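Novice:
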Amino acid sequence: MKILISNDDGIYAEGIRVLTKALKEEGHEVYVVAPIEEQSGTGHGVTLHMPLRYSEAERDGEFFGYWVSGKPADCVKVACGHLYKDIEFDYVIAGINRGANLGTDVFYSGTFAAASEGVFYNRKAIAISLCDPDNSPYFESAAEFLTEYLDKIQEVEFPAGTLLNINVPNLPIEEIKGYQYTSFSNRKFEDNLVERIDTQGKNYYWLGGKPGEGNNEPDTDSVVVKNGYISITPARMDLYFKEFSETIKNY
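Per my numbering, numbering through the sequence shown is continuous, rising by one, with the last residue being 278.
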């Protein structure tokens with residue numbers, strides 16, 4: 028298969044290297060276009076008021092892919108609209124992200140945005156993240172699972188406007204219990220604005236915080252990952268809410 032890979036951690040991140048290597052070893056034709064710098068938390072932003080630059084990137088002494096000066100969605104636009112515009116990609120895959128993209132995380136996630144942009148180009152798309160990585164992230168577990176999973180779903184046609192959001196526990200592959208299809212939890216990041224003073228004596232804020240627990244519904248992504256399973260959440264880009272539309276029309 029022909030696969031485009033991007034991410035939001037940057038082209039020199041470990042997760043994208045591990046995923047690219049694993050897919051190539053399975054015989055897939057892999058193309059990498061990713062941000063030159065980390066773009067975590069940029070959501071589906073695009074670059075409108077400054078130039079987008081790109082260049083070849085090397086890793087381990089050989090060509091690895093292209094870096095782009097913009098955001099994850101920019102990278103997929105540059106790849107599908109210019110660099111590889113004549114290639115019919117079977118998949119656009121974003122990851123492997125260092126950190127979870129569970130629940131409401133997806134609204135902020137550059138990883139999810141890169142996959143979503145692939146949807147806009149009518150490609151099957153997957154966002155994949157490694158949850159709660161510490162100093163020993165098991166990116167290989169996520170990569171091994173995804174390569175096997177792609178074989179299983181090879182004949183599956185994704186409905187228009189849809190993608191898969193995958194979250195993998197940070198465990199050796201043999202300790203992962205399996206995978207489950209889930210819904211999104213209502214986990215929300217608990218913001219903590221830290222006020223500081225710069226060298227000019229002016230106040231500024233540094234955004235910090237930690238992920239909240241969210242609900243405990245058994246079929247949600249947060250709970251499934253916490254229980255040692257891989258979470259696969261089908262998502263769609265159509266935000267239209269028909270039921271509410273019928274209600275609001277009465278006013």
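For glycine and all other residues, C-beta sits at the position ideal for the given N, C-alpha and C.
Remember, it's a predicted structure, so these values are computed and weren't measured experimentally.
1. Considering residue 31, what are the terminal residues of the beta strand (DSSP E) in which it resides?
2. So the candidates are 268, 249, 102 and 147; which of them puts its Cα closest to the Cα of residue 37?
3. Opposite residue 92 in the DSSP bridges: which residues?
4. Between the segment 169-183 and the segment 44-63, do three or more beta carbon pairs fall short of 8 Å?
5. For residue 200 versus residue 154, is the C-beta spacing smaller than 8 Å?
6. Over the uninterrupted beta strand (DSSP E) stretch that includes residue 289, give me the two end residues.
7. With burial defined as no fewer than 16 other Cβ atoms inside 10 Å of the residue's Cβ, what is the status of residue 140: buried or exposed?
8. Please report the Cβ distance between residue 98 and residue 69, rounded to the nearest whole angstrom; I am assuming they are in contact, meaning their Cβ atoms lie under 8 Å.
9. Leaving out five residues before and five after residue 107 in sequence, what residues of the same chain have Cβ atoms less than 6 Å from its Cβ?
10. Any contact between the segment 156-169 and the segment 124-136? By contact I mean 3 or more CB pairs, one from each, below 8 Å.
11. Out of 119, 77, 75 and 95, state which residue places its alpha-carbon closest to the alpha-carbon of residue 84.
12. Helix, strand or coil: how does DSSP classify residue 223 here?
13. Would you say residue 60 and residue 30 are within 8 Å of each other, going by their C-beta atoms?
14. Use the C-beta contact count for residue 151: other C-beta atoms within 10 angstroms, 16 or more gives buried, fewer gives exposed.
15. Between 211, 229 and 271, which lies nearest to residue 130 when the distance is taken from Cα to Cα?
16. In whole angstroms, give me the CA-to-CA distance for residue 176 and residue 167.
17. In its own chain, which residues sit with a C-beta less than 7 Å from the C-beta of residue 246, not counting the 5 before and 5 after it?
18. Just the Cα atoms here: how many angstroms apart are residue 160 and residue 43?
19. May I ask you to report which of helix, strand or coil DSSP gives residue 157?
20. Going by DSSP, name the residue or residues bridged to residue 195.
21. Please tell me whether residue 248 and residue 188 are closer than 8 Å, where the distance is taken between their beta carbons.
22. Using only the alpha-carbon positions, how far apart do residue 55 and residue 89 sit?
23. Am I right that residue 242 and residue 121 are in contact with their C-beta atoms under 8 Å? What's the rounded C-beta distance?
24. Is residue 164 helix, strand or coil when you go by DSSP?
25. The alpha helix (DSSP H) with residue 61 in it runs from where to where?
26. Give me whichever residues DSSP pairs with residue 50 in a beta bridge.
Specialist: Taking the structure as given:
1. Its beta strand (DSSP E) spans residues 29-33.
2. Closest by alpha carbon: 102.
3. Beta-bridge pairing links residue 92 to 84.
4. Yes, the segment 169-183 is in contact with the segment 44-63.
5. It is not a contact, given that the beta carbons lie outside the stated cut-off.
6. The question about residue 289 has no answer here: the residues shown for the chain are numbered 28 through 278.
7. Residue environment analysis places residue 140 among the buried positions, since at least 16 neighbouring C-beta atoms fall within 10 angstroms of its C-beta.
8. Yes, residue 98 and residue 69 are in contact; Cβ-Cβ is about 5 Å, under 8 Å.
9. Hits under 6 Å: 148.
10. The answer is yes - the segment 124-136 touches the segment 156-169, with three or more Cβ pairs under 8 Å.
11. Nearest C-alpha to residue 84 among 119, 77, 75 and 95: 95.
12. The three-state secondary structure of residue 223, taken from DSSP, is strand.
13. Their beta carbons are not under 8 Å apart, which means residue 60 does not touch residue 30 by this criterion.
14. Looking at its Cβ environment, which holds 16 or more other Cβ atoms inside 10 Å, residue 151 is buried.
15. Nearest C-alpha to residue 130: 211.
16. When rounded, the distance between both Cα atoms is 14 Å.
17. The residues are 209 and 210.
18. Distance from the CA of residue 160 to the CA of residue 43, rounded to the nearest whole angstrom, comes to 15 Å.
19. Assignment of residue 157 by DSSP, reduced to helix, strand and coil, places it in the strand class.
20. For residue 195, which the question treats as bridged, DSSP gives the partners 157.
21. No, Cβ-Cβ distance for residue 248 and residue 188 is not below 8 Å.
22. Cα-Cα distance, rounded: 18 Å.
23. That belief does not hold up - the Cβ atoms of residue 242 and residue 121 are roughly 26 Å apart, past 8 Å.
24. DSSP places residue 164 in the coil class of the three-state scheme, outside both helix and strand.
25. That residue, residue 61, is in no alpha helix (DSSP H); its beta strand (DSSP E) goes 56-62.
26. DSSP output for residue 50 lists no bridge partner at all.
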